[in-house]
Amino acid sequence: KKNINILGTKFHHITRSEAAAFIVKCLQERKKASVFTPNPEIVMEAYHDSRLQAILNESELVVPDGIGVVIASKLLGQPLPERVAGFDLVQEVFNQIQNKEIKVYFLGAGQGVAELAKKKMEEKYTNLKIVGVHNGYFDKDEDIVASINALDPDFLLVGLGAPKQEYWIDKNKDRLNASVLMGVGGSFDGMSG
Ligand code: UDP
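Residue numbers for the sequence shown follow the UniProt record's numbering, so the first one is 5 and each next one is one higher.
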C-alpha cells in the first residue's frame, strides 16, 4: 500500500470506496485490522507523541478525516485522493454489510447515545445486525472486553474521542475477538441525531 507521510503520520493513498471495500474484505475474511481517521489536530498531537504516532502507523488503515490533511498532502506534492470522514466511511460499510452475516458493536458516547444510534442505523440499514452497545464511560477494560467478546461482533466501532480511542484499541486489540476495530470519534452522536 502506498503511504503519504504527513508530519510522521502515514496515510494510505486510498479513496473512500476503496477504504470501505478494504474493511468489508477484512470483515468477510475475519482478518484483524484497526482503522483510524486522523484529522489535523490528531496529526499534530501524534507529531509530539511518538507512542500515538506508532499506534497510527502500525494500524492497517489510516485515512484523512479533514480537508486540512488533504491540503497538506497537496502542498507536499504527494496528494491524497480525497477526504475520508470516519462517519461517511462507516455509513458506506453499513450499506455493504447490511445483508451479510456480519455483527456490529457500538462502544462509546454518553449514556443512551449508542442505543439511539443503533435504533437509527437499524432503521436506515434494514438488515444491519448491531448485537450490542455500551456507553464510553466505564471503569474496567476487562469487563467491557469480556461483555463485547460474549456477543461475538465482527466490527467494533469505538467512539471515545481521539486519541483516547486509539490508545484503547491498541491496548485491547489482542484480547478482542472482533476482526475490524475502528476509532469513530463522535460518530455515535451524529448517528443518533
Ligand atoms: N467519549 C467517551 N468516553 C470518554 C470521552 C469521550 O465515550 O471517556 C465520547 C464522547 O461522548 C463523544 C466522543 O467520545 O461521543 C468524542 O467526540 P468528539 O467529537 O469530541 O471527538 P472527535 O470526533 O473529535 O475525536
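Idealized CB from N, CA, C, for every residue including glycine.
Since we're looking at a predicted model, the values are computed, not measured.
Look up asparagine 7 in the DSSP assignment and say whether it is helix, strand or coil.
-> For the purposes of this step, residue 7 is taken as residue 3 along the sequence shown, with counting starting at 1. If DSSP states are grouped into helix, strand and coil, asparagine 7 belongs with the strands.
Within 7 Å: the Cβ of lysine 144 and any heavy atom of the ligand UDP?
-> Translated into the one-based positions of the sequence shown, residue 144 becomes position 140. No, since every heavy atom of the ligand UDP falls outside the 7 Å radius drawn around the Cβ of lysine 144.
Take every Cβ of the stretch 73 to 88, pair it with every Cβ of the stretch 98 to 113, and state whether three or more of those distances are shorter than 8 Å.
-> Contact fails: fewer than three Cβ-Cβ distances are below 8 Å.
For my contact list, glycine 165 and phenylalanine 192 are in at a C-beta cut-off of 8 Å; report their separation, rounded to the angstrom.
-> What you label residue 165 is simply residue 161 of the sequence shown in a count that begins at 1. What you label residue 192 is simply residue 188 of the sequence shown in a count that begins at 1. So it is not a contact: roughly 11 Å between Cβ atoms.
Go through its chain and collect everything with a Cβ distance to isoleucine 148's Cβ below 8 Å, but skip five positions before and after it.
-> Against the sequence shown, residue 148 aligns to sequence position 144. These residues qualify, in order along the chain: Leu111, His138, Phe142.
Secondary structure of valine 97, DSSP reduced to three states | Numbered from 1 along the sequence shown, position 93 holds the residue referred to as residue 97. Note: valine 97 maps to helix in three-state DSSP.
Provide the residue span of the beta strand (DSSP E) that contains histidine 138, from first to last.
-> Along the sequence shown, read from residue 1 onward, the residue named residue 138 stands at position 134. 133 to 138 is the span of the beta strand (DSSP E), which, as asked, contains histidine 138.
Say whether the stretch 21 to 30 touches the stretch 169 to 176, bearing in mind that this needs 3 or more beta-carbon pairs closer than 8 Å, one atom from each stretch.
-> By the Cβ rule, the stretch 21 to 30 does not count as touching the stretch 169 to 176, because fewer than three pairs are nearer than 8 Å.
Which value, in whole angstroms, describes the spacing of the CA atoms of valine 74 and glutamine 82?
-> Position 70 of the sequence shown, counted from the start, is the residue given in the question as residue 74. Position 78 of the sequence shown, counted from the start, is the residue given in the question as residue 82. Distance between the alpha carbons of valine 74 and glutamine 82: 9 Å.
DSSP bridge partner residues for phenylalanine 40 (one or two, in chain order) = As a first step, residue 40 is located in the sequence shown; it is residue number 36 there, counting from the start. Looking at the DSSP assignment, phenylalanine 40 forms a beta bridge with Val66.
Indicate, with yes or no, if the ligand UDP has a heavy atom lying under 7 Å from the CB of glycine 70.
-> As a working mapping, residue 70 is identified with position 66 in the sequence shown. No, the ligand UDP has no heavy atom inside 7 Å of this Cβ.
May I ask you to verify whether the stretch 44 to 63 touches the stretch 13 to 20, counting CB pairs closer than 8 Å and requiring at least 3?
-> yes
Could you spell out the range, first to last residue, of the alpha helix (DSSP H) harbouring glycine 194?
-> By one-based count along the sequence shown, residue 194 stands at place 190. That run of the alpha helix (DSSP H) goes 191 to 196.
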